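Undergrad:
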Amino acid sequence: MEVAPGIYSMTQTKGAYVHAFLLDDGNGLTLVDTLYDRDAHRILAELERIGKSVKDIKHIIMTHSHRSHLGGLALLKELSGAPVYAHEWEFDLIAGDRPAQAVSWLPHKPVRAWPLQITLNLNVAKHPPATVDNFVHEGDRIGPLQVFYCPGHSPGHLSFYWQERRLLIAGDAICTWPSFMLGWRGFTLNPKQHRASVRRLAELDSEIVCVGHGEPLASGAAQRIRAALPTLD
Ligand SMILES: [Zn+2]
Ligand SMILES: [Zn+2]
Numbered sequence: 022m023e024v025a026p027g028i029y030s031m032t033q034t035k036g037a038y039v040h041a042f043l044l045d046d047g048n049g050l051t052l053v054d055t056l057y058d059r060d061a062h063r064i065l066a067e068l069e070r071i072g073k074s075v076k077d078i079k080h081i082i083m084t085h086s087h088r089s090h091l092g093g094l095a096l097l098k099e100l101s102g103a104p105v106y107a108h109e110w111e112f113d114l115i116a117g118d119r120p121a122q123a124v125s126w127l128p129h130k131p132v133r134a135w136p137l138q139i140t141l142n143l144n145v146a147k148h149p150p151a152t153v154d155n156f157v158h159e160g161d162r163i164g165p166l167q168v169f170y171c172p173g174h175s176p177g178h179l180s181f182y183w184q185e186r187r188l189l190i191a192g193d194a195i196c197t198w199p200s201f202m203l204g205w206r207g208f209t210l211n212p213k214q215h216r217a218s219v220r221r222l223a224e225l226d227s228e229i230v231c232v233g234h235g236e237p238l239a240s241g242a243a244q245r246i247r248a249a250l251p252t253l254d
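Here is the structure:
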């Protein structure tokens, strides 16, 4: 689905309406996250739909290393030959050397995400391991994106901003499924860091926000985020 010119969103129900994004800035494609399925068929189908080849992917950037976002990574890396970027605190999870840190067992809002919480804690859903080629840091540029280090949901969680398009890719710091909220409380490893991260994202003059779970908001993103700030714990 084209959210706005050059911004494509792909989703699947499994993994709690997880989303991945293809960005076309005229210099090749940047892929953010890889959905749940190992065969990446939804991402490959979207490439075909927009008349691009998997070889047009020049960068693959991971917001963080939870299972829902990692499924297609190994295959897409192999098919595209593109380098994979992530924060250094996530790379060994992506490589399969360490399970994701357990989150709370208690049901929090949204309760519909609780099964995913349990699955994450049990570490039963493995992903095909992949090697991270480049560690990224606050302020780095990858393709059209500026990197924002936004820990809290996970220690190495990243968000991205495409200044010219006023596009914020928030990762799991913000979600819109099952409703708009500033992160899922039950998945937030460090609430204090998370609050600081979201407050920084709220300062951006974003028009569009794309999130890890749920549909993108195509307009009025900054106002929507700022209005929700009082709901942060
Ligand atoms: Zn996550
Ligand atoms: Zn997620």
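Residue numbering for the sequence shown follows the working numbering, beginning at 22 and increasing consecutively. Each residue gets a CB set at the ideal place from its N, CA and C atoms; glycine is no exception. Here the structure is a predicted model, which means the values were calculated and not measured.
#1: Suppose you measure from the CA of Asn48 to the CA of Gly164; what does that come to, to the nearest Å?
#2: Per DSSP, Asn155 forms a beta bridge with which residues?
#3: Do you know how far the Cα of Phe201 is from the Cα of Tyr57?
#4: So, under 8 Å CB-CB, His80 and Tyr106 are touching, yes? Tell me the CB distance rounded to an integer number of Å.
#5: Only counting the same chain, and skipping five residues up and downstream in sequence, which positions put a Cβ closer than 8 Å to that of Lys213?
#6: Taking its Cβ as the centre, do 16 or more other Cβ atoms sit within 10 Å of Gly235, making it buried, or is it exposed?
#7: Exposed or buried, Trp126, counting other C-beta atoms within 10 Å across all chains shown (16 or more means buried)?
#8: Does DSSP classify Phe42 as helix, strand or coil?
#9: Per DSSP, which one or two residues make a beta bridge with Met31?
#10: Please determine if the segment 114-122 and the segment 184-199 are in contact, where contact requires at least 3 C-beta pairs separated by less than 8 Å.
#11: Leu180 lies in the alpha helix (DSSP H); which residues open and close that run?
#12: Would you say Val219 and Leu238 are within 8 Å of each other, going by their C-beta atoms?
#13: Please indicate yes or no: does the CB of Gly93 lie closer than 7 Å to some heavy atom of ligand 2?
#14: What does DSSP give as the partner residue(s) for Thr197 in the beta ladder?
#15: I'd like to check one pair, Leu44 with Ile64: are the Cβ atoms closer than 8 Å?
#16: Going by beta carbon distance, what residues of the same chain come within less than 8 Å of Tyr182, once the five residues before and after it are set aside?
#17: For Trp135, which residues from the same chain have a beta carbon less than 6 Å from its beta carbon, with the 5 sequence-adjacent residues on both sides left out?
#18: Could you give the distance in angstroms between the alpha-carbon of Pro104 and the alpha-carbon of Asn155?
#19: Using only alpha-carbon positions, find the residue among Gly102, Glu69, Thr84, Gly36 that is nearest to Glu147.
#20: Just list the residues that DSSP pairs Leu52 with in beta bridges.
#21: Relative to ligand 1, what is the chain-ordered list of residues with a Cβ closer than 5 Å to any of its non-hydrogen atoms?
#22: Expressed to the nearest angstrom, what Euclidean distance is found between the alpha-carbon atoms of His158 and His85?
#23: For Ile163, list the residues DSSP reports as bridge partners.
TA: By the coordinates alone:
#1: 8 Å
#2: DSSP, once it has assigned bridges, lists Tyr106 as partnering Asn155.
#3: 21 Å
#4: 6 Å
#5: Gly173
#6: buried
#7: Exposure of Trp126 is indicated by the presence of fewer than 16 other C-beta atoms within 10 angstroms of its C-beta.
#8: It is a strand residue.
#9: Ala41
#10: no
#11: One detail in the question is off: residue 180 reads as Ser in this sequence, not Leu. From DSSP, Ser180 is part of no alpha helix (DSSP H) but of the beta strand (DSSP E) over 179-183.
#12: Their beta carbons are not under 8 Å apart, which means Val219 does not touch Leu238 by this criterion.
#13: No, Cβ of Gly93 sits at least 7 Å from all heavy atoms of ligand 2.
#14: DSSP lists no bridge partner for Thr197.
#15: no
#16: Leu166, Gln167, Phe169, Leu188, Leu189, Ile190, Leu225, Ser227
#17: Same-chain partners within the cutoff: Pro128.
#18: Each residue's alpha carbon lies about 7 Å from the other.
#19: It should be pointed out that residue 147 corresponds to Lys in this sequence rather than to Glu. Measuring from the Cα of Lys147, the nearest candidate turns out to be Gly36.
#20: Leu43, Ile81
#21: His87, Asp193
#22: 13 Å
#23: Leu166
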